[in-house]
Amino acid sequence: MTTPTSGSMTKAELVEEVSRVSDLTKKHAEVIVDTVFKSIIDALHRGEKIELRGFGSFRLRKRESRKGRNPKTGDKVDVPPKRVPYFKPGKELKDLINRAGETAAAAGPEPAEPPHAAAP
Numbered sequence: 047m048t049t050p051t052s053g054s055m056t057k058a059e060l061v062e063e064v065s066r067v068s069d070l071t072k073k074h075a076e077v078i079v080d081t082v083f084k085s086i087i088d089a090l091h092r093g094e095k096i097e098l099r100g101f102g103s104f105r106l107r108k109r110e111s112r113k114g115r116n117p118k119t120g121d122k123v124d125v126p127p128k129r130v131p132y133f134k135p136g137k138e139l140k141d142l143i144n145r146a147g148e149t150a151a152a153a154g155p156e157p158a159e160p161p162h163a164a165a166p
């Protein structure tokens with residue numbers, strides 16, 4: 047997998063990783079990634095909660111209407127109520143991330159490519 051320079055993974059990099067790991071074409075991997083994202087969005091739009099065991103859950107939170115302030119003019123404005131998506135990581139995901147951080151700190155700097163990714 048290519049290491050992102052900005053410290054974040056893009057959708058294109060995710061598609062590339064799915065393609066590499068699954069031995070699928072990038073086009074097929076893109077269809078899979080798009081389908082997963084669309085399914086999550088559609089379920090949230092219907093007001094459903096998505097729970098992915100070991101990973102986390104997606105749900106909507108409601109924000110009430112409030113008074114805001116226009117940053118340019120300083121005028122008070124009414125901000126309407128809205129629903130915002132929220133992700134809550136699962137315990138297993140938190141544990142994996144913290145364990146990976148502990149082993150990386152103990153082992154020193156990470157190699158550029160993991161050993162299993164090298165071609166024979």
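Read left to right, the sequence shown gives residues 47 to 166 (our numbering).
Glycine included, each C-beta is placed from N, C-alpha and C at the ideal position.
What you are looking at is a predicted structure, and each value in this text was computed from that prediction instead of being measured.
Asked                                                                                                                                 : Found
What residue does the alpha helix (DSSP H) around F83 start on, and which one ends it?                                                : K72 to H91
Rounded to the nearest angstrom, what separates K128 and I87 at their Cα positions?                                                   : 16 Å
If you count every other CB in all the chains shown that lies within 10 Å of the CB of A58, and 16 or more means buried, which is it? : exposed
Kindly identify the DSSP beta-bridge partner or partners of L139.                                                                     : Answer by DSSP bridge pairing: none, since L139 is not bridged.
Does the pairing of the region 101 to 112 with the region 71 to 79 give three or more beta-carbon distances under 8 Å?                : no
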